[in-house]
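These protein sequence lines are chains S and U, in that order. Quick note on numbering that gives the first Met the number 0: the first sequence kicks off at 0 and runs consecutively. Quick note on numbering that gives the first Met the number 0: the second sequence kicks off at 0 and runs consecutively. Have a look at the structure below before the remarks.
Number of protein chains: 2
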Amino acid sequence: MDANFDKELFIEKFKNSCNRIQIKNFKKNEIVTTYIEKRNQICIVLSGEVDLIRYDSNGNKTIIGHFVVSDVFGEVFYPANTNNELFVIARKNSEVLFFTYDTLFTKCRRNCDFHKELTSNLTELFLDQIINLNLRIELLTKRTIREKILSYFDILSKRSIRRSFTLPFSYTDLADFLSVDRSAMMRELKLLVDEGFIKKHGNRITLTF
Amino acid sequence: MDANFDKELFIEKFKNSCNRIQIKNFKKNEIVTTYIEKRNQICIVLSGEVDLIRYDSNGNKTIIGHFVVSDVFGEVFYPANTNNELFVIARKNSEVLFFTYDTLFTKCRRNCDFHKELTSNLTELFLDQIINLNLRIELLTKRTIREKILSYFDILSKRSIRRSFTLPFSYTDLADFLSVDRSAMMRELKLLVDEGFIKKHGNRITLTF
DNA sequence: TTTTTTCTGTTGCATATGCAACAATTTTAT
DNA sequence: ATAAAATTGTTGCATATGCAACAGAAAAAA
Numbered sequence: 000m001d002a003n004f005d006k007e008l009f010i011e012k013f014k015n016s017c018n019r020i021q022i023k024n025f026k027k028n029e030i031v032t033t034y035i036e037k038r039n040q041i042c043i044v045l046s047g048e049v050d051l052i053r054y055d056s057n058g059n060k061t062i063i064g065h066f067v068v069s070d071v072f073g074e075v076f077y078p079a080n081t082n083n084e085l086f087v088i089a090r091k092n093s094e095v096l097f098f099t100y101d102t103l104f105t106k107c108r109r110n111c112d113f114h115k116e117l118t119s120n121l122t123e124l125f126l127d128q129i130i131n132l133n134l135r136i137e138l139l140t141k142r143t144i145r146e147k148i149l150s151y152f153d154i155l156s157k158r159s160i161r162r163s164f165t166l167p168f169s170y171t172d173l174a175d176f177l178s179v180d181r182s183a184m185m186r187e188l189k190l191l192v193d194e195g196f197i198k199k200h201g202n203r204i205t206l207t208f
Numbered sequence: 000m001d002a003n004f005d006k007e008l009f010i011e012k013f014k015n016s017c018n019r020i021q022i023k024n025f026k027k028n029e030i031v032t033t034y035i036e037k038r039n040q041i042c043i044v045l046s047g048e049v050d051l052i053r054y055d056s057n058g059n060k061t062i063i064g065h066f067v068v069s070d071v072f073g074e075v076f077y078p079a080n081t082n083n084e085l086f087v088i089a090r091k092n093s094e095v096l097f098f099t100y101d102t103l104f105t106k107c108r109r110n111c112d113f114h115k116e117l118t119s120n121l122t123e124l125f126l127d128q129i130i131n132l133n134l135r136i137e138l139l140t141k142r143t144i145r146e147k148i149l150s151y152f153d154i155l156s157k158r159s160i161r162r163s164f165t166l167p168f169s170y171t172d173l174a175d176f177l178s179v180d181r182s183a184m185m186r187e188l189k190l191l192v193d194e195g196f197i198k199k200h201g202n203r204i205t206l207t208f
């Protein structure tokens with residue numbers, strides 16, 4: 000949005016300036032946090048990738064969110080009275096920054112002027128998050144698996160600027176992300192290949208329409 | 000979140016303090032804005048209700064978002080390269096506040112100190128919006144119509160604190176909101192009534208489980 | 001390396017959901 | 001008040017999707 004906003008710089012400041020902020024490292028598949036208690040926690044991915052996961056009562060896994068560098072997540076973004084158990088898992092070795100929402104409104108001991116910047120920069124990160132969520136909703140409101148797949152591929156294609164791109168998910172996880180049955184999705188992918196809409200080599204996709 | 004934050008007050012300030020901000024009134028069914036151009040517009044509902052609508056190539060209507068007082072919306076929250084035509088329609092007579100994202104970073108002529116507050120308060124509104132979007136995603140990722148209905152009713156029930164509540168939508172629109180076929184949804188609603196899970200009188204629902 | 005686990009690719013079958021169509025009812029417009 | 005338009009309620013039918021199950025490939029662990 001604002002061309003002058005430098006996420007990397009912001010994160011660098013984050014790391015160094017305020018004592019109310021924690022940074023932790025996680026190995027692949029480690030649990031980063033759970034959304035059970037309401038601690039008003041805000042998290043920012045500094046490196047790596049993490050997924051927000053829900054298992055429902057039928058054992059269906061859904062990837063609610065997939066977060067990469069500079070993405071924000073945390074239970075503060077969820078309504079208190081959700082019935083679901085949500086948890087965040089590191090998909091790669093990851094570095095995550097933690098602070099609580101209250102931090103925004105209270106001064107830290109050092110009285111760092113970092114707080115002044117924090118709020119305004121956070122608005123920027125929140126905005127990005129809203130854009131991501133709207134994209135997700137665009138996908139999920141599509142009526143058919145085919146439409147979901149093609150919409151998602153379209154996004155990935157535009158991000159990479161090319162007609163070819165590598166999926167950030169395994170096919171198993173892609174199905175969970177699009178909230179559809181894996182085998183049904185594989186079937187639809189095969190049809191898309193057979194009908195000449197896409198090419199597919201491993202997890203590399205090429206659009207041919 | 001922050002108990003001290005007073006949305007009404009914030010909106011009142013918004014209205015009166017800054018010349019970069021526009022307020023417009025819309026009658027029911029009037030188009031509030033479209034998401035075609037990229038003007039980085041941010042809108043806030045001051046009164047009434049508005050819906051963000053998408054029609055896809057098959058003529059399927061989807062209610063992408065339903066916004067009420069103090070909700071934020073606008074094309075700034077959407078990625079630039081979306082293929083869809085989205086537009087916002089007033090569902091009731093509504094009052095909507097408009098400004099551009101740039102407003103946050105430039106001083107207005109009056110040099111109002113309103114800008115200082117604007118950013119930090121906006122963070123609050125953005126946070127609320129993220130919570131709403133996450134709720135929406137919760138619904139949309141549910142695998143069956145029944146689960147979607149019950150999850151949504153559960154939310155409405157908790158909001159009204161009672162087991163009874165009035166739907167904010169017509170049933171036609173509810174189907175569009177849950178992104179399912181209307182007749183299929185009506186069928187599922189009937190089953191839920193027959194099986195004793197809910198009672199249904201007009202657009203008033205009572206949970207009985 | 002070898003073993004174990006996870007992922008991919010595929011298919012038959014059951015069914016939930018979408019689609020089309022219509023009458024009855026309610027709401028909105030004239 | 002009357003006509004027009006939209007919503008609700010319902011059903012038969014077609015099919016897209018979910019489910020279960022399995023073999024082979026790939027990746028991770030030992």
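Positions of the beta carbon are idealized from the N, C-alpha and C atoms, including for glycine. Here the structure is a predicted model, which means the values were calculated and not measured.
Around S:Ile43, the same chain offers Val71 and Leu96 as residues with beta carbons nearer than 6 Å, after the five sequence neighbours per side are excluded. Against U:Phe208, chain S offers no close residue; the least beta-carbon distance is about 13 Å (beta-carbon pairs closer than 9 Å). Within chain S, the C-beta atoms nearer than 7 Å to that of U:Thr122 come from Thr118, Leu121, Thr122 and Phe125, in chain order. Using a Cβ distance threshold of 8 Å, U:Asp175 and U:Ile30 do not count as a contacting pair. At the C-beta level, U:Arg19 and U:Thr102 come within 8 Å of one another. Rounded to the nearest angstrom, the gap between the Cα atoms of S:Leu190 and S:Thr207 is 14 Å.
Non-local beta-carbon contacts of U:Asp172 in its own chain, meaning distances under 7 Å to residues more than five positions away in sequence, involve Ile62 in chain order.
Taking 8 Å as the upper bound for CB-CB distance, U:Phe25 and U:Ser93 are in contact here, some 5 Å apart. U:Glu137 is classed as buried because its beta carbon has at least 16 other beta carbons within 10 Å across all chains shown. In this structure, S:Ile88 sits near S:Asn28, with a CB-CB distance shorter than 8 Å. Not a single CB atom of chain U sits nearer than 8 Å to the CB of S:Gln40. Within the stretch 45–72 of chain S, the residues whose Cβ lies closer than 7 Å to any Cβ of chain U are, in chain order, Asn59, Thr61 and Ile63. A Cβ-Cβ distance of about 7 Å is found for the pair S:Ile41 and S:Thr99, placing them in contact under the 8 Å criterion.
Inter-residue distance for S:Phe66 and U:Asp193 is about 42 Å (C-alpha atoms, whole angstroms). Beta-carbon to beta-carbon, S:Thr122 and S:Ser163 are separated by about 35 Å, too far to satisfy the 8 Å threshold. The C-beta of S:Tyr77 comes closer than 8 Å to at least one C-beta of chain U.
By the beta-carbon neighbour count (other beta carbons within 10 angstroms, threshold 16), S:Glu84 is exposed.
For the stretch 172–183 of chain U, the set of positions with a beta-carbon nearer than 7 Å to some beta-carbon of chain S reads Ser178 in chain order.
In the three-state scheme derived from DSSP, where H, G and I count as helix and E and B as strand, S:Thr99 is classed as strand.
U:Ile154 is not a Cβ neighbour of S:Tyr77, given a cutoff of 8 Å.
By DSSP's assignment, U:Leu206 forms a beta bridge with U:Ile197. Just measuring C-alpha positions, the residue of U:Thr32, U:Leu126 and U:Ser150 sitting nearest U:Arg53 is U:Thr32. Under DSSP, U:Leu51 takes part in a beta bridge, and its partners are U:Gly64 and U:Val87. If you ignore the 5 residues before and after S:Arg135, its C-beta comes within less than 8 Å of the C-beta of Gly64, all in its own chain and listed in chain order.
Going by DSSP, U:Phe168 is part of no beta strand (DSSP E) at all; its letter is neither H nor E. Here S:Glu187 is near S:Arg145, since their CB atoms are less than 8 Å apart.
When the beta-carbon positions are compared, U:Phe125 and S:Leu126 come within less than 8 Å of each other. Annotation: U:Ile30 is outside any alpha helix (DSSP H); the continuous beta strand (DSSP E) that includes it extends over Ile30 to Thr33. Cβ contact annotation for U:Gly73 (same chain, cutoff 6 Å, sequence separation greater than five): Gln40, Ile41 and Cys42, in chain order.
U:Glu94 is bridged by DSSP to U:Asn24 and U:Ser46.
An exposed status is given to S:Gly201, since fewer than 16 other beta-carbon atoms sit within 10 Å of its beta-carbon. In the DSSP annotation of this structure, the continuous segment of the alpha helix (DSSP H) that includes S:Phe152 starts and ends at Ile144 to Ser159. If the five residues before and after S:Ser46 are omitted, its C-beta is found closer than 7 Å to the C-beta atoms of Val68, Ser93 and Glu94, all from its own chain and listed in chain order. Contacts between S:Asn28 and chain U, judged by CB atoms closer than 8 Å, are missing: the closest CB pair is about 22 Å apart.
U:Val179 sits in coil when the DSSP states are folded into three classes, being neither helix nor strand.
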